[in-house]
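**Q** If you read the sequence shown in my numbering, its first letter stands for residue 1240, the second for the next number, and so on. From the three backbone atoms N, C-alpha and C, an ideal C-beta is built for every residue, glycine too. Sharing a structure here in structure tokens format.
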Amino acid sequence: MFDYHSFFPLLLSLMAGMSTVIGAFIVIFSKGESKKLITFALAFSAGVMITVSFTDLFMSAEETLSKSNGKLNGVIFSIIFLLSGAFIAMLIDKFIPDEPRPSPSAPSGKLYRVGFVSMIALMIHNFPEGIATFVSGYENTTLGISIALAIALHNIPEGISVA
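And the structure:
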């Protein structure tokens, strides 16, 4: 038995996730590698996600937390979780190297391995986005559409950088 209420949120998640392919096609069909294009795409992607985080997700989290914890605690918890996420991102940025540093004894020709590891990392990265898009679309269609659009706009530059 098919749950028709789940179809639209599932479609939103699929469209947001598949937008990475649009970014890959931009690279495939553009002439040469353009660092300016990649820089612009990544900056745009970060801007979209930050804007959505502060305009939609933060307010929604604050509202939800306020219902069960009171207005003041809802605001405080939302700020604590926001700052915790920023702190974790800062730690990851500090302790995880930007580029792999292969050892001198490592054999060359690791393109397959790099591609496979990138695929796994992209799957892990996109899984929570898909869940967030589906759940938000299931509960509130308007919020689901805005989340899906933001993630799609985030995934296009992501596709450019990965391709």
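Considering just the uninterrupted stretch of the alpha helix (DSSP H) at residue 1251, what are its terminal residues?
**A** For this step, residue 1251 is matched to residue 12 along the sequence shown. From DSSP, the alpha helix (DSSP H) with residue 1251 extends over 1243–1268.
**Q** Using a Cβ-Cβ cut-off of 8 Å (strictly less than) and excluding sequence neighbours within five positions of residue 1312, which residues of its own chain qualify?
**A** The residue given as residue 1312 occupies position 73 in the sequence shown. Excluding positions up to five away in sequence, the list reads 1304, 1305.
**Q** If you follow the alpha helix (DSSP H) that residue 1293 is part of, which residue opens it and which one closes it?
**A** Sequence index remark: in the sequence shown, residue 1293 carries index 54 (1-based). Looking at the DSSP string, residue 1293 is not in any alpha helix (DSSP H), and its letter there is neither H nor E.
**Q** Would you mind giving the Cβ-Cβ distance between residue 1300 and residue 1317, rounded to the nearest angstrom? I have them listed as a contact below 8 Å.
**A** Reading the sequence shown from its first residue, position 61 is the one you call residue 1300. Reading the sequence shown from its first residue, position 78 is the one you call residue 1317. Between residue 1317 and residue 1300 the Cβ distance is about 5 Å, and since that is below 8 Å, they are a contact.
**Q** Span of the alpha helix (DSSP H) holding residue 1391?
**A** If you number the sequence shown from 1, residue 1391 lands on position 152. Run containing residue 1391: 1380–1401, per the alpha helix (DSSP H) assignment.
**Q** Hey, would you say residue 1259 sits closer than 8 Å to residue 1397, going by beta carbons?
**A** As a working mapping, residue 1259 is identified with position 20 in the sequence shown. As a working mapping, residue 1397 is identified with position 158 in the sequence shown. Contact: yes.
**Q** Would you call the stretch 1364–1379 in contact with the stretch 1275–1282, where contact means no fewer than 3 C-beta pairs closer than 8 Å?
**A** At 8 Å Cβ cutoff, the stretches do not touch.
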